[in-house]
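Worksheet: the structure to be examined is printed underneath.
Chains as they are written, first to last, in the working numbering: chain A, 122 to 342; chain B, 625 to 987.
In structure tokens form, the structure reads like this:
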């Protein structure tokens with residue numbers, strides 16, 4: 122073992138040691154010529170891509186780190202899916218109490234009276250006005266439905282999604298009613314409003330922004 | 625030229641004996657509660673025999689009540705006092721089963737509502753879509769078991785039904801009612817009138833109509849004849865016999881010949897001539913037990929009387945009834961016929977024809 126270790130180096134390996142580590146290109150040219158012969162080396166060498174700028178190589182991981190950090194910073198704002206996953210939209214079971222939301226209904230009534238006091242008596246304009254109103258807190262009832270067991274569900278509207286109403290009933294039960302197959306009514310003093318759920322499948326925010334809906338011919342469920 | 629096929633209809637023929645253990649004649653009679661008319665055809669008899677007159681439907685009473693809310697039938701008081709205490713039948717009149725709402729109460733304690741789509745969506749009682757309206761159902765059948773355990777005061781289902789029929793839609797109809805009090809009932813009909821005294825109640829009597837013929841040809845029937853169509857050995861086509869019974873009850877001209885102008889219909893061969901032929905029809909709301917009594921009377925009459933080779937008893941159901949047999953749905957397409965005929969022979973055998981129209985479930 123010792124004999125092999127302390128043997129003299131083969132002459133080839135130190136003949137070019139005076140080459141500086143920086144001259145990569147030169148070294149490769151020399152190496153190829155030595156191994157493959159002049160002709161083959163001249164053909165291959167131009168295709169070898171040597172990274173001349175070592176500085177840029179080292180800066181690359183730094184940049185990706187910055188990107189990552191910026192992405193992290195953006196994630197601090199929760200997306201809708203995140204909120205859904207964290208169950209932020211769900212009303213906890215101990216809050217399923219009708220009496221808890223009675224003040225909300227009073228508040229909504231006051232809000233509606235205020236809204237309607239400015240409205241004209243013209244029914245067309247009134248409809249447009251009503252479309253822009255917020256319905257959270259209204260006492261709403263299902264009057265017609267494709268599925269008969271939904272008929273008669275009555276309570277305070279707590280949540281409105283694109284396709285459903287979430288209603289808390291007097292029996293302290295939270296019911297999710299699909300809009301598309303039902304017809305709803307709510308009353309503000311003497312005004313009775315009927316909502317044809319099939320044409321009401323819009324998010325409440327979008328509805329307030331647009332303020333106008335398509336005229337549809339059929340009111341059939 | 626367009627060739628439209630005739631609407632489908634069903635005719636079921638059975639042959640059995642009244643003495644047979646598994647004979648289904650009672651099941652078919654009791655399963656068909658909404659009967660409009662009953663008809664007896666007696667070849668060879670001059671007038672209606674006394675044994676049949678003693679059990680004729682004219683002895684029964686039935687009532688017409690105007691603007692009666694359905695919710696009256698659903699109350700627990702009514703159910704325990706009337707429905708569980710006898711045979712109660714009710715059917716809304718003047719309503720068409722193909723475009724109105726039809727209500728029936730069966731002696732088995734079922735309330736049947738045949739409603740169109742709009743009422744169904746408002747009413748809030750769950751039912752099943754009709755079998756004859758395709759993928760987008762325009763008619764629904766609601767069946768409520770009034771004798772069920774859940775139909776009691778304080779139960780959720782009970783409250784829901786009362787709410788739907790009273791507060792939601794207070795539906796009123798003209799009803800035909802009939803009630804046979806059970807054996808242990810002393811108060812009798814006054815109990816019913818007491819409960820419904822708020823409403824106008826009219827007594828309606830059963831109408832009777834006679835058809836009599838002299839020297840008429842009748843088909844000569846053999847009780848053991850095969851039911852399959854087999855005309856090779858001179859036997860009748862069994863369906864032609866049913867047709868013949870129909871023509872007699874319609875009182876149409878059956879003595880035609882090949883050269884007759886208006887009708888060339890003749891009695892199916894082989895036939896014999898009888899001196900008299902009588903046919904009597906009663907119409908009204910006829911109860912199941914009345915028909916059972918009539919059938920037993922007819923059986924004993926045919927056995928005892930030698931001049932009658934056979935006899936027929938036909939029962940017609942209401943055209944606009946929501947059900948035909950049992951709780952099978954009944955509809956109105958081209959016609960709403962649902963009827964059955966017993967052909968009774970002296971040796972206690974019988975043929976039974978059950979005929980239903982297009983919008984009917986085969987019994």
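Even glycine gets a Cβ: it sits at the ideal position worked out from N, Cα and C. Since this is a predicted model, take the numbers as computed values, not measurements.
Would you call residue 643 of chain B buried or exposed, if buried means 16 or more other Cβ atoms sit within 10 Å of its Cβ? Numbered from its first residue, the second chain carries residue 643 of chain B at position 19. Flag for residue 643 of chain B reads exposed.
With a cut-off of 8 Å, does the C-beta of residue 266 of chain A fall near any C-beta of chain B? Position 145 of the first chain holds residue 266 of chain A. Yes, residue 266 of chain A counts as interfacial toward chain B.
Residues of its chain near residue 285 of chain A, where Cβ-Cβ distance is below 7 Å and the 5 sequence neighbours each way are ignored: Taking the first residue of the first chain as position 1, residue 285 of chain A is located at position 164. Once the five neighbours on either side are set aside, the close Cβ partners of residue 285 of chain A are 297, 298, 299 and 300.
Using CA coordinates, which residue listed in B/914, B/983 and B/873 is at the minimum distance from residue 935 of chain B? Counting from one through the second chain, the residue named residue 935 of chain B turns up at place 311. When only C-alpha atoms are compared, the closest one is B/873.
Can the beta-carbon of residue 730 of chain B be found less than 8 Å from the beta-carbon of residue 739 of chain B? Locating residue 730 of chain B in the second chain gives position 106, counting from the first residue. Locating residue 739 of chain B in the second chain gives position 115, counting from the first residue. No, the pair does not count as a contact, with Cβ atoms beyond the cut-off.
Taking the alpha helix (DSSP H) that residue 707 of chain B falls in, what are its first and last residues? Within the second chain, residue 707 of chain B is the residue found at index 83, counting from 1. No alpha helix (DSSP H) holds residue 707 of chain B; DSSP gives it neither H nor E.
Helix, strand or coil for residue 888 of chain B, going by three-state DSSP, please let me know. Locating residue 888 of chain B in the second chain gives position 264, counting from the first residue. Residue 888 of chain B falls in the coil class under three-state DSSP.
Measuring CA to CA, which of A/221, A/314, A/234 and A/311 is closest to residue 291 of chain A? Reading the first chain from its first residue, position 170 is the one you call residue 291 of chain A. Out of A/221, A/314, A/234 and A/311, A/221 has the C-alpha closest to the C-alpha of residue 291 of chain A.
Relative to chain A, which residues along the region 744 to 774 of chain B have a C-beta separation below 7 Å, given in chain order? 744, 745, 746, 747, 748, 749 and 750
According to DSSP, simplified to helix, strand and coil, what is residue 246 of chain A? As a first step, residue 246 of chain A is located in the first chain; it is residue number 125 there, counting from the start. Note: residue 246 of chain A maps to helix in three-state DSSP.
Look at the Cβ atom of residue 907 of chain B, then the Cβ atom of residue 744 of chain B, and state whether they are nearer than 8 Å. Working through the second chain from its first residue, we reach residue 907 of chain B at position 283. Working through the second chain from its first residue, we reach residue 744 of chain B at position 120. No. Outside cutoff.
If you reduce the DSSP assignment to three classes, tell me which class residue 212 of chain A lands in. Looking up residue 212 of chain A in the first chain gives position 91. If DSSP states are grouped into helix, strand and coil, residue 212 of chain A belongs with coil.
Report yes if the CB atom of residue 909 of chain B is closer than 8 Å to the CB atom of residue 938 of chain B, and no otherwise. As a first step, residue 909 of chain B is located in the second chain; it is residue number 285 there, counting from the start. As a first step, residue 938 of chain B is located in the second chain; it is residue number 314 there, counting from the start. No; because the gap between Cβ atoms is not below 8 Å, this pair is not in contact.
Please classify residue 736 of chain B: is it buried, with 16 or more other beta-carbons within 10 angstroms of its beta-carbon, or exposed? The residue labelled residue 736 of chain B in the question sits at position 112 within the second chain. Answer is buried; the Cβ neighbour count reaches 16.
Cβ shell of residue 154 of chain A (< 7 Å), same chain only, five flanking positions each side left out: On the first chain, residue 154 of chain A is found 33 positions in, with the first residue counted as 1. So the list reads 162, once near-sequence residues are dropped.
Please go through the same chain and pick out, in chain order, the residues whose beta-carbon is closer than 8 Å to the beta-carbon of residue 157 of chain A, but skip the five residues on each side of it. The residue you call residue 157 of chain A lines up with position 36 of the first chain. Within the same chain, residue 157 of chain A has close Cβ partners 165.
Which partner residues of residue 280 of chain A appear in the DSSP bridge assignment? Translated into the one-based positions of the first chain, residue 280 of chain A becomes position 159. A/287.
Can you tell me the Cβ-Cβ gap for residue 775 of chain B and residue 782 of chain B, rounded? I've got them flagged as a contact below 8 Å. Taking the second chain and counting its residues from 1, one reaches residue 775 of chain B at position 151. Taking the second chain and counting its residues from 1, one reaches residue 782 of chain B at position 158. Residue 775 of chain B to residue 782 of chain B, Cβ: 5 Å. Contact.
Of all the CB atoms in chain C, is at least one closer than 8 Å to the CB of residue 269 of chain A? Structure shown: chain C not included; protein chains present are A and B.
Where do the ends of the beta strand (DSSP E) carrying residue 870 of chain B lie? Taking the first residue of the second chain as position 1, residue 870 of chain B is located at position 246. Looking at the DSSP string, residue 870 of chain B is not in any beta strand (DSSP E); the run it does join, the alpha helix (DSSP H), is 862 to 873.
From residue 898 of chain B to residue 786 of chain B, what does the alpha carbon distance come to, in whole angstroms? In the second chain, residue 898 of chain B corresponds to position 274, counting from 1. In the second chain, residue 786 of chain B corresponds to position 162, counting from 1. Going by the C-alpha atoms only, they are around 59 Å apart.
Can you tell me whether residue 931 of chain B is buried or exposed? The criterion is at least 16 other CB atoms within 10 Å of its CB, across all chains shown. Taking the first residue of the second chain as position 1, residue 931 of chain B is located at position 307. Exposed, because fewer than 16 other Cβ atoms sit within 10 Å of the Cβ of residue 931 of chain B.
Environment of residue 945 of chain B [buried if 16+ CB atoms lie within 10 Å]: Mapped onto the second chain, residue 945 of chain B falls at position 321. Residue 945 of chain B should be labelled buried.
Mind pulling the chain A residues with CB within less than 8 Å of residue 792 of chain B? To locate residue 792 of chain B, count along the second chain from 1; it is residue 168. Per Cβ cutoff of 8 Å: 272 and 273.
Proximity winner among B/803, B/796 and B/768, relative to residue 1032 of chain B (alpha-carbon distances): No statement about residue 1032 of chain B is possible, as the shown extent of chain B runs from 625 to 987 and does not include it.
May I ask you to report which of helix, strand or coil DSSP gives residue 340 of chain A? Walking along the first chain from the start, residue 340 of chain A turns up at place 219. Three-state DSSP puts residue 340 of chain A in coil, outside helix and strand.
Nearest-angstrom Cα distance between residue 892 of chain B and residue 869 of chain B? The count along the second chain starts at 1 and reaches residue 892 of chain B at position 268. The count along the second chain starts at 1 and reaches residue 869 of chain B at position 245. Roughly 11 Å separates the two Cα atoms.
Would you say residue 295 of chain A reaches chain B, if we count a Cβ-Cβ gap shorter than 8 Å as a contact? In the first chain, residue 295 of chain A corresponds to position 174, counting from 1. By this cut-off, residue 295 of chain A is not an interface position.
Using only CA atoms, which one of B/752, B/728, B/949 and B/924 lies nearest to residue 698 of chain B? In the second chain, the residue the question calls residue 698 of chain B occupies position 74. Residue 698 of chain B has its Cα closest to that of B/728, out of B/752, B/728, B/949 and B/924.
So residue 342 of chain A contacts chain B; which residues on that side make the cut at Cβ distance below 7 Å? In the first chain, the residue the question calls residue 342 of chain A occupies position 221. What residue 342 of chain A touches in chain B: 745.
Which of the three DSSP states is assigned to residue 907 of chain B in this structure? By 1-based counting over the second chain, the position of residue 907 of chain B is 283. Three-state result, residue 907 of chain B: strand.
Expressed to the nearest angstrom, what Euclidean distance is found between the alpha-carbon atoms of residue 709 of chain B and residue 806 of chain B? As a position in the second chain, residue 709 of chain B is number 85, starting the count at 1. As a position in the second chain, residue 806 of chain B is number 182, starting the count at 1. Each residue's Cα considered, the two are about 5 Å apart.
Just to confirm, are residue 682 of chain B and residue 830 of chain B a CB contact at a threshold of 8 Å? Taking the second chain and counting its residues from 1, the one referred to as residue 682 of chain B is at position 58. Taking the second chain and counting its residues from 1, the one referred to as residue 830 of chain B is at position 206. A contact, by the Cβ cut-off of 8 Å.
Endpoints, the beta strand (DSSP E) within which residue 842 of chain B is located: Taking the second chain and counting its residues from 1, one reaches residue 842 of chain B at position 218. That run of the beta strand (DSSP E) goes 831 to 843.
DSSP on residue 969 of chain B, reduced to helix/strand/coil? Residue mapping note: residue 969 of chain B aligns to position 345 of the second chain, counting from 1. Three-state result, residue 969 of chain B: coil.
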